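K.L.:
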Amino acid sequence: MRILSSDIQSDDGVANAAIAEAAQRLEDQQERIKRLEEALHRIANTDYRGHRSTESQIAFEALKEAKP
Numbered sequence: 092m093r094i095l096s097s098d099i100q101s102d103d104g105v106a107n108a109a110i111a112e113a114a115q116r117l118e119d120q121q122e123r124i125k126r127l128e129e130a131l132h133r134i135a136n137t138d139y140r141g142h143r144s145t146e147s148q149i150a151f152e153a154l155k156e157a158k159p
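Numbers in the numbering used here are just positions in the sequence shown, counted from 1, shifted up by 91.
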C-alpha cells in the first residue's frame, strides 16, 4: 500500500493520501492483532492459579484459526 500510494498519479494528491492512510490503518491493525495474540497466548498458558484453563485455551485456539 505504501508503494502504491507513492506510485499513483493524482493531480490533487487525494488518492495518494487516502491510500497512505489505508496503509497506516492496516499497519496499526496488524500491530494490535499481534499484541492481542500475545496477550491471549499468555492467558491461555496460565490462569489465576497458575494452571491452564480450558476456556482460555479454547479462545486461544479460536484466535489462531482466525488469523488474517
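By construction, the Cβ of each residue, glycine as well, lies at the ideal position given by its N, Cα and C atoms.
These numbers come from a predicted model, not from an experiment.
How many whole angstroms separate the CB atoms of L164 and A150, which I take to be in contact at a CB cut-off of 8 Å?
P.N.:
The chain is shown from 92 up to 159; residue 164 falls before or after that span and cannot be answered.
K.L.:
Are A114 and L95 touching if we call contact CB-CB under 9 Å?
P.N.:
Going by C-beta atoms, A114 is nearer than 9 Å to L95.
K.L.:
Three-state secondary structure (DSSP) at S97?
P.N.:
In this structure, S97 counts as helix in the three-state DSSP scheme.
K.L.:
Please name the residue in E152, E118 and R116 whose C-alpha comes closest to that of R133.
P.N.:
Out of E152, E118 and R116, E152 has the C-alpha closest to the C-alpha of R133.
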